[in-house]
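Just so you know, we're using the working numbering here: the sequence shown kicks off at 713 and counts up by one.
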Amino acid sequence: MKIKISLLLFILFLLQSCNEGVIYRNFDSNFENNRWSSNASRTFSFALEKEENANLVLHFGHIYDFQFKSIPLEVNITYPDGNKETISLDLKIKNEKGEDMADCSGDVCDLYYNLKNNFHFEKGTYEVVITNKFNAAYLPNILGVGIQVTK
């Protein structure tokens, strides 16, 4: 019985340490037929209870061997004081050699891109809207998109 309790405590410790440093994490995988319609947006809202110096990270999930080298995205951030910021980016999916830049396991790839490094977040509610600016009806082979706030 002591071994089972010890094992359970060890597993709980491992699970807790995996999330250490994560203040907020949300990943939206609700893409019908793995397609992200052009000019469609995904919205993420989170509240911080105290001021934090942290990173704002974009999480982009796609199927292995994605057919595009990069994709155009627009990220709009609304700060607690009402100020807004727009970040336009061409998210690189493949390097110069044509290799995936994401961490891939089987057919599932996760690409992380730092939008803000060591940024001073004020206490309050934030809204982050990620918009697909791909120049076609939809972007195929999408598994999801999300954000993380990490220390």
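Beta carbons are placed, not taken as given, at the ideal position from N, Cα and C, and that holds for glycine. Just so it is clear, the structure is predicted and the values come from calculations on it, not from any experiment.
Cutoff 6 Å; reference residue 745; Cβ partners in own chain excluding five residues on either side: none
Residue(s) in a DSSP beta bridge with residue 783: 803
Burial state of residue 814, where buried means 16 or more other Cβ atoms lie within 10 Å: buried
Backbone secondary structure at residue 847 - three-state DSSP: coil
Length of the line joining the Cα atoms of residue 769 and residue 786: 14 Å
8 Å Cβ shell around residue 857 - same chain, five flanking residues per side excluded: 739, 740, 748, 754, 770, 771, 772, 773, 842
Straight-line gap, residue 821 to residue 852 (C-alpha atoms, nearest Å): 14 Å
Distance, residue 809 Cα to residue 794 Cα: 42 Å
Of the residues 733, 750, 732, the one placed nearest residue 854, counting alpha carbons only: 750
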